[in-house]
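Okay, structure first, notes after.
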Amino acid sequence: MATAATPFLDDLRPPAFHETWHKHRPAEVVKRRAADLPGMTALPVRALMPGLPGTIWSEDPLLGPTSLDEVRRQAKARAQAMDWTKIEQGRTVNLLANPHGFQLCGMAYVTMLEVIADHVRETRGAKVRLRIAESMGHIENPDWVKIYGLRERFGDVEECPQMGAGTKVDTKLGDMYVTRKLFDAPYFIHTHVTEMREGYLHRMLDRLMKPFGMAYARLETRSAYHFGFGPRTGQIVSRCIFESDFIQQRYVGTMVLDTTSEGVASVEADNDLKALDRRLAAGIMRNYGMAMKILGEIEDCVVVFDDHGCGVYCYAGGIAFDNMLCADVDFMDLDNLSLLAAERHDSAEPGLTMGKNAAIRGIVINYMAGGVPQPFLWDNYPIHVVGETVNKWMLNDPTNWHFERAKARVWPTLEQAVATACREGGTKNVIVFDRTPGAFRVTRELGEHLLARAPELRRKVEDVYLPKWLRQRGLAA
Amino acid sequence: MPKRVRMVAQIVPENCTGCRLCEQVCPTVAIGMRPRRPDEPGKSRNIAMLAPEACYNAQACVEICQDNAIEMVELAEPFDVGFEYVGANDEAVKALCRKAGYGRTMQICVCTDTKAGEIAAAIVAGAHTPEAVSLATGARTGCVELCMNPILHLLACAGYGDAPRNPKNGFQWYGESATLWQHVRPDGTLPEEIRETFPEFPLDKEFGDMAKLKRR
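So the sequences go chain by chain: A and B. Per my numbering, residue 1 is the first one in the first sequence, and the count goes up by one each step. Per my numbering, residue 1001 is the first one in the second sequence, and the count goes up by one each step.
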């Protein structure tokens, strides 16, 4: 654990690269990780927020226990406390998983899934099939089935892309569509991780229900979530689908890993998803609030992408880049519209929508996955790429044709790319999104700046932001 | 603005099982099936066949294929696809966008930067199915997701909401998914029963604040 005397964790490493579905092997292409640049350090989120709950599992021993024992113990206890009697003996159950669980919680997520599968097999004599809801599918994701040997562990495993065959679901607002293979059994079990991804979309309203409106939904409905609802009401899609007769007939229960920036804080479960969501919502905002808001304290910097995930879905300190991109507006505040595409609008009320983050003076891509359009990056910031291979991957990405208009400069080394981006951006500060858990990978000077800002910001989060977020959602402090 | 197509799909005959999944998801219907030639390796009677000029590098086929039977190959000479707005029936385009509730410059396909006016112009010019819209504009050939519902909505507003699926059993699209906007009444309010159904969501504020936005 970090100590007050030496808060920085210089030995904390970023996770290794994986081969992707596109057969890209970034580990063979990336010559140097940004963590190895001179002057880089890791600023622990715990140094910014000493009250962060401890973990039962972390990916790195510098952050907490890496043994899976407590995850397994808690998952078993939760499974035993749940009511599985809805599942008739010997019938088939789809155990639903998502790529984000594997990406952020690795073996802890796999362990939770194994415990659920074993318990349901043992107590209900059921056949359990693992069904992984692919979001942007093969393009974005490493091959988690191979990486974690999921076929060997679970037997019947299938990845279900959002473009697969669908099923029409009658909801309170009209027809919506879900991915057929996720719900082609008499029953299903929902799993999730509570991390703060896409907060600008779910706005912490029915957060644990979000996969029903996105990961489990088909193309038409995912599109409608973005285009047919307002920026604070998209989650109505998730609610509509979850509460539909089709889903309720099949739904059994939910188990989640409750996470912090450092890893897994606990395993939580309930048959009542709404009750579970209400129980965890305040803690999620409390545990991630400081990590989110501290990114708004960066006055100037260069951002380096150095991991899987596409732009807004690259992680640092346990939170996604979308939190930094949108750091100019408090998107947990339901008084704000906080449209992601707001840089394309003029607003009659400044602060109502999210704009360009003026603190970002340049972007360096050491490696970044494709699969999600990011024109708001290419059009707004100077872009530098390390190496022709990564540049070609970016240009050929079917979702980022507009990367070409960024006129990215390609550098033979990471050092040259970062040095140029810093020089031209007039900054010495660098922050790296390399999925290092529990800490922000930053230049030492930037780390010290953030540390200095932390006490005042912490008071503001506790006394101003958090009370408002909770009040707006009818949650107790 | 056109999309530059830098890669196209290529079938790997020995891996293709003729399952037709690729054919069923291609947004530009660039893939069909043909009998396997006797000299081609592989077991199935039929295999996938690509019309390269209709392949816009969406990679939906790669994503759905479970047999590693499709690879993307770089083109020596990339080509541009997109809709020429010039000469479009401007009044009809305006009317269609108005009916759909979209500004003509509203970005519909984020991946290809295609605007509502461009999609409406393609529909007015004769693109009456989602795949025809994609072939004409390039839209829906990136993530194939974000722009899906607005394209279906524009087609429905133009009277083509019941276009037959192509191929018949394909699932590149089903139908329009329900939205909140479709329930908004002429006076700009939502029916009381919807407000009562979702009391936790700031529906009144949403509509008021959205109205404060003005486009450039």
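Glycine included, C-beta positions come from ideal geometry on N, C-alpha and C. Fair warning: this is a prediction, and the values are worked out from it, not measured in the lab.
Query	Result
Extent of the continuous alpha helix (DSSP H) to which L219 (chain A) belongs	L219 to F227
Sheet register partners of H384 (chain A) (DSSP bridge)	A:V364 and A:R409
Beta-carbon spacing of I1194 (chain B), I1151 (chain B) below 8 Å	no
CB contact below 8 Å: A1095 (chain B) versus chain A	no
Closer than 8 Å to chain A by CB, Q1059 (chain B)	yes
Cα-Cα separation, M204 (chain A) to V237 (chain A)	14 Å
Nearest residue (CA-CA) to G387 (chain A), options A:F8, A:P53 and A:M368	A:M368
Extent of the continuous beta strand (DSSP E) run through H190 (chain A)	Y187 to V193
Interface flag, L1180 (chain B) vs chain A, CB-CB below 8 Å	yes
Span separating the alpha-carbon of F8 (chain A) from that of G447 (chain A)	8 Å
Assigned secondary structure, K210 (chain A) (DSSP; H/G/I helix, E/B strand, else coil)	helix
Buried or exposed by the 16-neighbour rule on C-beta atoms within 10 Å, applied to P14 (chain A)	buried
Residue span of the beta strand (DSSP E) that contains F440 (chain A), given as start and end	A439 to T443
C-alpha gap between T3 (chain A) and K181 (chain A), whole angstroms	A caution first: T3 (chain A) carries a pLDDT of 46, below 50, which makes its placement in the model too unreliable to give a value.
Residue nearest to L12 (chain A) in terms of C-alpha spacing, selected from A:Y216, A:M40 and A:S338	A:M40
The segment 15 to 33 of chain A: positions lying closer than 7 Å to chain B by Cβ	none
Beta carbon proximity, N98 (chain A) to chain B, threshold 8 Å	no
Beta-carbon proximity of D1227 (chain B) to H226 (chain A), cut-off 8 Å	Chain B is shown only over 1001 to 1216; residue 1227 (chain B) falls outside these bounds and no answer can be derived.
CB of G1103 (chain B) within 8 Å of CB of W1181 (chain B), strictly	no
Status (buried if at least 16 other CB within 10 Å, exposed otherwise) for K1043 (chain B)	exposed
Beta-bridge partners of F305 (chain A), as assigned by DSSP	A:I365 and A:F433
Close Cβ partners of Q1010 (chain B) (< 6 Å) along its chain, the five nearest in sequence each way excluded	E1071 and V1073
Complete runs of the beta strand (DSSP E) confined to the segment 1012 to 1060 of chain B [at least 3 residues]	1031 to 1035 and 1046 to 1050
Rounded C-alpha distance that separates Y148 (chain A) from R129 (chain A)	16 Å
Buried or exposed (CB count within 10 angstroms, at least 16 for buried), V464 (chain A)	exposed
Boundaries of the beta strand (DSSP E) in which G174 (chain A) is found, first to last residue	G174 to T179
Complete runs of the beta strand (DSSP E) confined to the segment 19 to 105 of chain A [at least 3 residues]	40 to 44 and 92 to 97
K1094 (chain B), buried or exposed, once every other Cβ within 10 Å from all chains shown has been counted against 16	exposed
Beta-carbon separation (whole angstroms), V461 (chain A) vs V442 (chain A), contact threshold 8 Å	Contact doesn't hold; Cβ gap of about 20 Å is too wide.
Classification of P1223 (chain B) by the beta-carbon crowding that lies within 10 angstroms, buried from 16 upward	Nothing in the structure corresponds to residue 1223 (chain B), since chain B is present only between 1001 and 1216.
Three or more C-beta pairs below 8 Å linking the segment 290 to 309 of chain A and the segment 94 to 102 of chain A	no
Within chain A, partners of L1249 (chain B) - CB distance below 8 Å	Residue 1249 (chain B) lies beyond the range of chain B shown here (1001 to 1216); nothing can be said about it.
Check whether A454 (chain A) and P467 (chain A) have beta carbons under 8 Å apart	no
Minimum Cβ-Cβ distance from M1210 (chain B) to chain A less than 8 Å	yes
DSSP-derived helix/strand/coil call for D1209 (chain B)	helix
Runs of alpha helix (DSSP H) wholly within the segment 245 to 296 of chain A (minimum 4 residues, chain order)	245 to 250 and 273 to 294
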